Structures are given as structure tokens and as C-alpha cells.
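Residue numbering for the sequence shown follows this note's numbering, beginning at 11 and increasing consecutively. All C-beta atoms in this analysis are idealised placements derived from N, C-alpha and C, irrespective of residue type, glycine included. Everything numeric in this text was worked out from a predicted model, so none of it was measured.
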Amino acid sequence: MIRIDRINKIEFDKKGINVYSYKEDKYVNRKCFTRKEAMIKYIEELPKDHTYKIVLECSTCGDQRFSAFGANVEAFGKEDYIEFHYQLSKGFNVNDNLENISIKSNWSKKMKYVNSIKGIDFDYAIINNKPYKKELIHQWYHLLWIKYLDQHPELVDYLKLFDDYNDVFKGKSVSCQADSIRKYIQDGRKSLIDECEELLKELY
11 MIRIDRINKI
21 EFDKKGINVY
31 SYKEDKYVNR
41 KCFTRKEAMI
51 KYIEELPKDH
61 TYKIVLECST
71 CGDQRFSAFG
81 ANVEAFGKED
91 YIEFHYQLSK
101 GFNVNDNLEN
111 ISIKSNWSKK
121 MKYVNSIKGI
131 DFDYAIINNK
141 PYKKELIHQW
151 YHLLWIKYLD
161 QHPELVDYLK
171 LFDDYNDVFK
181 GKSVSCQADS
191 IRKYIQDGRK
201 SLIDECEELL
211 KELY
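Below is the structure:
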């Protein structure tokens, strides 16, 4: 059954509106839509033995409001995109070859730095100018998304229109915007807070 009331609330002028189809719970196909009528027609014409999910692409290839490069938040008096907060929190014991960078640096310098540390294993997390064990950086990433979503209840309501969330760039990274968003929406804010308990005790 198609929930037209839900589809009517989806913002098709934004990117990232996808329908994933399944047969016997196995993924079959993904199709992206920019028009409501086209999506409804596609769903109506799916084989009877297929099910579907309406999935939001949360990346720069999708709705950038839910990309770490599009979600802007303040942390300890410093405002920037979540991705830069996260990447600049990676600390290195030996950084002779790394450029000195900060949140106040311009976009191009920060992007150059982020690209330069790709694939390099970091040694610790640095949050609010204090070092923490590296494993806590994933909780830091969650906390940044919690703050962003808390500040935008209208976006939380919009996210609830979707069955699932995807990040095409996830790769092998533990921290992923789609995963943080999924847990906040589907399991509840508290479940995400609970995952950050260790870092919260350290910070406060």
C-alpha cells in the first residue's frame, strides 16, 4: 500500500530521493526520483512479490542538509561543518608533514588537509583542545549529529518520512552520517546518547 500522505511531504526539489526494491528481503534495485508522480508510478508497477523502501541519500550526492559537509554546528564555541569538526579532531603523534590547520582556516585549506590525512591512522582524539583515546572519536561524531538534529526539529520530522538512510561514501569508516541519523530517528535520541556515555563522562 502506497502512503500518498507521506510521499506528498517529500521535498522532490532536493536530491537523494530513492526507492530500493526487494524480493524475499533481498536487494534488487535502486532508483532515484526528482518527481513525485514518477515515483508513485514506479512503486505501483513493482512486481507483486517485491517490497520497497523509500531511502534518503545522506551525502553530498543526496540531500546536503544531511551530509557532514552540509550540516553546520557549533562545538565549544567553534562553528563549522560536522566533517571538519570530526576530521580536525584526529590527533597525530608525529605530524611533521601535516599542515597546521584549524577550524578558522578557509574551506580549501581544510579540504586539502582532510584529503592529506585520508588513510592515515591517527593516534588520539583531540576535543576542545584536550586529548582523549582515539576510540572516542566515533562518539564525538555522534554527539555532533545529535546537536545538529536537536537544533533542527523540522529536519527530524522530515527524516521520519523515510524508511532508511544511506551514505554512498561510507566505505570502511566506522563513523557515518547515515548510521548516526538512522539510530537517532529509528531507535530514538536516547539510544544515540547512550552510545556516547563514555565520552560525555570525560567531557563533563
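Return the CA-CA distance between residue i and residue j, expressed in angstroms with no decimal places.
i	j	result
Thr61	Tyr32	5 Å
Lys143	Glu47	50 Å
Ile17	Met11	12 Å
Tyr158	Leu213	18 Å
Leu169	Ile195	7 Å
Gly129	Lys58	45 Å
Glu93	Ile53	35 Å
Gly80	Ser190	15 Å
Asp15	Arg45	15 Å
Ala78	Gln187	7 Å
Asn176	Lys122	26 Å
Lys211	Glu145	14 Å
Phe76	Ser69	6 Å
Phe22	Lys51	15 Å
With C-beta atoms as the reference, is residue i less than 8 Å away from residue j?
i	j	result
Val166	Glu67	no
Tyr96	Ser185	yes
Leu209	Trp150	yes
Gly72	Gly26	yes
Asn28	Arg40	yes
Ser99	Ile147	yes
Ile20	Leu153	no
Val65	Asp197	no
Asn103	Asp133	yes
Gly101	Ala135	yes
Tyr30	Lys63	yes
Tell me the DSSP secondary structure of residue i in three-state form.
i	result
Lys25	coil
Tyr214	coil
Glu84	strand
Phe179	coil
Asp35	coil
Arg16	helix
Lys228	Nothing can be reported for residue 228: it is not among the residues displayed for the chain, which extend from 11 to 214.
Phe76	helix
Asp59	coil
Arg45	coil
His162	coil
Ser201	helix
Ser190	helix
According to DSSP, what are the bridge partners of residue i?
i	result
Val65	Asn28, Asp174
Cys71	Cys71 is not bridged to any residue.
Lys100	Ala135
Asp40	Note on identity: in this sequence residue 40 is Arg, with Asp being the wrong assignment. Tyr30, per the DSSP bridge assignment.
Asp90	Val83
Can a CB atom of chain C be found closer than 8 Å to the CB of residue i?
i	result
Phe43	Absent here is chain C; the protein component of the structure consists of one chain.
Task: Unbroken stretches of the alpha helix (DSSP H), 4 residues or longer, contained in the stretch 102–150 - done: 117–126
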